[in-house]
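Trainee: My questions will all concern the structure given below.
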Amino acid sequence: KWRKGEAAGAKGELDHVQERSKDFAYWYPSVGTFNFRRTIAFWGGTLTIEGCLLFLWVAYIQEYGRAYQDLMYYLTKWPTLCGGTAFLAAVYLPYYEIINLKVDLEEDKRNFLWCSWRPLFDEGVEIWSIIGAAMYVVGALLYTVAQISDLFTLTERQDINMVQWPLTVGGFLFFLAGVCELLINRVFVKLPVSYVWWASVFDTIGGVGFWISGCPSIADSDTLILIGAVGTVGYFFGSIMILAMWRGEQYGTAILPLLNRATRTGLPNIVVKKDKDGICHIVVTPSTQIKHETDNLEDVLSQRMTWKGIFFLTIYVLIGVIQMVVLCTFLSQSSQLWRGGIHSRKILVNLVSDTCNVVMVHMILMLQSACVKMPRKNEQPYRGLFIGIRVLAVVLVVNSLLSLEVIFEADVRPRR
1 KWRKGEAAGA KGELDHVQER SKDFAYWYPS VGTFNFRRTI AFWGGTLTIE
51 GCLLFLWVAY IQEYGRAYQD LMYYLTKWPT LCGGTAFLAA VYLPYYEIIN
101 LKVDLEEDKR NFLWCSWRPL FDEGVEIWSI IGAAMYVVGA LLYTVAQISD
151 LFTLTERQDI NMVQWPLTVG GFLFFLAGVC ELLINRVFVK LPVSYVWWAS
201 VFDTIGGVGF WISGCPSIAD SDTLILIGAV GTVGYFFGSI MILAMWRGEQ
251 YGTAILPLLN RATRTGLPNI VVKKDKDGIC HIVVTPSTQI KHETDNLEDV
301 LSQRMTWKGI FFLTIYVLIG VIQMVVLCTF LSQSSQLWRG GIHSRKILVN
351 LVSDTCNVVM VHMILMLQSA CVKMPRKNEQ PYRGLFIGIR VLAVVLVVNS
401 LLSLEVIFEA DVRPRR
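For reference, each letter of the sequence shown is one residue, going 1 to 416 in the numbering used here.
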C-alpha cells in the first residue's frame, strides 16, 4: 500500500500492517470463536460432499439399475431424502454463520432464523452474501418438501404442485445463489488462481444443473438425469474447493469473503531505525504471529490438516454414504420385523448394525473437525488411536463396498 502511494511513509505502511493483523484478532478473539467458524466451514464442505455422493448414487441407479424395479423405491427415494437433508444442513451452516457474525458466541444468545442486518453492513458484509445464503436455504427447503412428498403416492396434480414445482423453483434459487457467489468473489474481474474463484464457478454450474433437471418439459428423463448429475458433480468439486479453503484457514466459504481475507501469518513488522549517523532507515523484521490474551489460541491455530488428512476425510464420508444406502435398502424389509422368526431377527440386526455404522462414521467426522492434525509421536495414546481409526477406515470402506452386493441379492427384496 505504501509503495502504491496510498500510505504516507513508514507510519502509513505500519498502520496498514496493523490493520491487517487486527482483522484476524477481530474476527477470532477466542478459542471458542475460532473453533465455531472452523467447524461451520468443515461441516459445510463435508455434508455437501455427502449429499452429492448420495445424489450421484441415485442418478446411477435411475440410469443403470432399472432391472431392480421392486427395489427402486428404496434405492432412490430414501437416499435422495438423505442427500437432500445433508445438503440442507450444509447450506444452512453458512447462513447460520452470517446471522451470528456479530454475536458474542460465549455470552450472547445465538440467532437461528435472522438477525439485525445493519450491523453486518457496517462490518462490510455485502448484501449479496446475505441474499445468496438465504437463497441456498430456501432452495434446499423446497427440495426437502419435494423429496418428502415423493415418498408417498400422489395424484398427477399433487405431484406437479408438491414435487415438480418445488424442484424447479428450488433449482432456480440455487442458480441465483451461485450468481451471488460470482458477484461477491469478483469472478468476472479476477484470474482463476484461487480456491474461492473455482468454488464459485463450480457452485454456479451446480445451480444450473439443478435448475434444468427440475424442469421436466425441457428434455427427456434420461437427459435430465444426466444434467442433474453434472450439476451434482459441480457442487461436489465446489465442496472440495471449500475444504481446501478450510485447510488454509479461510472459513468464510464462498459466501462470506470477509472472513477469507482475515489472515494471521506473513505479517511483517515494519519499524524505523536510525543508524550511527542519525539517518533513518525502514527496517522489515521477520514475520510474527498475532498474540491473543484470551485462552490458548495459538495452540489451536497451530493445527492444520494435511492432504493425507483430507484423503482420509473423504474415506470417512464415503463409508457413511455407502452405509446409508445399505440402510435405506434394508428398509424394504422393515414390514417383516413383526412376523417373528430368524429372518426378522436377521433384518433387525442388519438395521441396527447399519444405523450404528452411520452414526459412528459421523462421530469420527466430528472428532476430525475438532482434532485437525495427527497427534505427535510423543502424544500417546492419542496418536495410536488416530492411526487405528485410519486403519479401521480402510477396512470399513472395503467392507462397505462389499456390502453393496447384498442390494442385488434376492433375499433383500421386499417379500410379498
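Beta carbons are placed, not taken as given, at the ideal position from N, Cα and C, and that holds for glycine.
Three or more beta-carbon pairs under 8 angstroms between the segment 41 to 52 and the segment 88 to 108, yes or no?
Mentor: The segment 41 to 52 vs the segment 88 to 108: in contact.
Trainee: Need the endpoints of the alpha helix (DSSP H) that CYS350 sits in, please.
Mentor: Before going on, a small fix: residue 350 reads as Asn here, not Cys. ASN350 -> alpha helix (DSSP H) spans 342 to 370.
Trainee: Which runs of the alpha helix (DSSP H) fall wholly inside the segment 158 to 199 and span at least 4 residues, in chain order?
Mentor: List check, alpha helix (DSSP H) in window: 165 to 184.
Trainee: At what residues does the alpha helix (DSSP H) containing THR144 begin and finish?
Mentor: Unbroken alpha helix (DSSP H) run through THR144: 127 to 149.
Trainee: For SER129, count neighbouring C-beta atoms within 10 Å of its own C-beta (all shown protein chains included) and say buried if the count is 16 or more, exposed if not.
Mentor: Answer is buried; the Cβ neighbour count reaches 16.
Trainee: Consult DSSP for LYS77 and reduce its assignment to one of helix, strand or coil.
Mentor: Here LYS77 sits in helix by DSSP.
Trainee: Which of the three DSSP states, helix, strand or coil, is assigned to LEU404?
Mentor: Three-state result, LEU404: helix.
Trainee: Kindly indicate which residue of THR306, MET245 and ALA146 has the alpha-carbon position closest to the one of CYS371.
Mentor: Closest by alpha carbon: THR306.
Trainee: In whole angstroms, give me the CA-to-CA distance for ASN161 and HIS362.
Mentor: Looking at the two C-alpha atoms, the distance is approximately 35 angstroms.
Trainee: Whole angstroms are fine: how far does the CA of LEU75 sit from the CA of ALA146?
Mentor: Approximately 17 angstroms, taken between the alpha carbons.
Trainee: Taking 8 angstroms as the threshold (C-beta atoms), are GLY207 and ALA177 in contact?
Mentor: Contact flag set, yes.
Trainee: By a C-beta neighbour count over all protein chains shown, 10 Å radius and 16 as the cutoff for buried, is PHE175 buried or exposed?
Mentor: It is buried - the Cβ of PHE175 has at least 16 other Cβ atoms within 10 Å.
Trainee: Return the Cβ separation of ALA86 and ILE225 in integer angstroms, given the expectation that the two are a contact with Cβ distance under 8 angstroms.
Mentor: Not confirmed; about 20 angstroms, so no contact.
Trainee: Using the beta-carbon count (16 or more within 10 Å), is PHE112 buried or exposed?
Mentor: The residue in question, PHE112, is exposed, as its Cβ has fewer than 16 Cβ neighbours within 10 Å.
Trainee: ILE205 to ILE127, Cα distance in whole Å?
Mentor: Their Cα atoms are separated by approximately 22 angstroms.
Trainee: So what does DSSP say about LYS308, is it helix, strand or coil?
Mentor: It is helical.
Trainee: Do the segment 187 to 207 and the segment 230 to 246 touch if we need at least three Cβ pairs shorter than 8 angstroms?
Mentor: The segment 187 to 207 is in contact with the segment 230 to 246.
Trainee: Which stretch, first to last residue, makes up the alpha helix (DSSP H) that contains THR155?
Mentor: First-last for THR155: undefined, no H or E at that position.
Trainee: From SER239 to VAL179, what distance separates their C-alpha atoms?
Mentor: Answer to the nearest angstrom: the Cα atoms are 16 angstroms apart.
Trainee: I need the DSSP call for ASN111, collapsed to helix, strand or coil.
Mentor: Coil at ASN111, not helix or strand.
Trainee: With DSSP as the reference, label TYR64 as helix, strand or coil.
Mentor: DSSP places TYR64 in helix when its eight states are reduced to three.
Trainee: Using the three-state DSSP reduction, which class does PRO119 fall into: helix, strand or coil?
Mentor: It is helical.
Trainee: Alpha carbon to alpha carbon, how far is MET135 from ARG186?
Mentor: Roughly 19 angstroms between the two C-alpha positions.
Trainee: Given that a residue counts as buried once 16 or more other Cβ atoms are within 10 Å of its Cβ, and exposed if not, what is ALA67?
Mentor: By the neighbour-count rule (16 or more Cβ atoms within 10 Å), ALA67 is not buried but exposed.
Trainee: Suppose you measure from the CA of VAL398 to the CA of VAL103; what does that come to, to the nearest Å?
Mentor: For VAL398 and VAL103, the distance between alpha carbons rounds to 44 angstroms.
Trainee: Considering only the beta carbon of each residue, do ASN357 and GLN333 sit closer than 8 angstroms?
Mentor: Going by C-beta atoms, ASN357 is not nearer than 8 angstroms to GLN333.
Trainee: TRP338: buried (16+ other C-beta within 10 angstroms of its C-beta) or exposed?
Mentor: With fewer than 16 Cβ atoms within 10 Å of its Cβ, TRP338 is classed as exposed.
Trainee: Measuring straight from C-alpha to C-alpha, what distance separates LEU120 and TRP114?
Mentor: Those two C-alpha atoms are separated by around 12 angstroms.
Trainee: Tell me whether PRO79 is buried or exposed, calling it buried when 16 or more other Cβ atoms sit within 10 Å of its Cβ.
Mentor: Result: buried.
Trainee: Who are the Cβ neighbours of THR168 in its own chain at under 8 angstroms, not counting the five residues just before and after it?
Mentor: Within the same chain, THR168 has close Cβ partners TRP211, GLY214 and CYS215.
Trainee: Starting from ARG376 and walking both ways along the alpha helix (DSSP H), at which residues does that stretch end?
Mentor: Unbroken run through ARG376: none, as it is neither H nor E.
Trainee: State yes or no: is the C-beta of ARG247 within less than 8 angstroms of the C-beta of PHE312?
Mentor: The answer is no: Cβ separation not under 8 angstroms.
Trainee: Do GLY132 and ILE255 have their CB atoms nearer than 8 angstroms?
Mentor: Yes; because the gap between Cβ atoms is below 8 angstroms, this pair is in contact.
Trainee: Taking DSSP as the reference, what is the three-state secondary structure of VAL397?
Mentor: Note: VAL397 maps to helix in three-state DSSP.
Trainee: When we look at the beta-carbon of ILE364 and count the other beta-carbons within 10 Å, is it buried (16 or more) or exposed?
Mentor: ILE364 comes out buried.
Trainee: Considering GLY238, what are the terminal residues of the alpha helix (DSSP H) in which it resides?
Mentor: Taken as a continuous stretch (DSSP letters only), the alpha helix (DSSP H) holding GLY238 covers 221 to 247.
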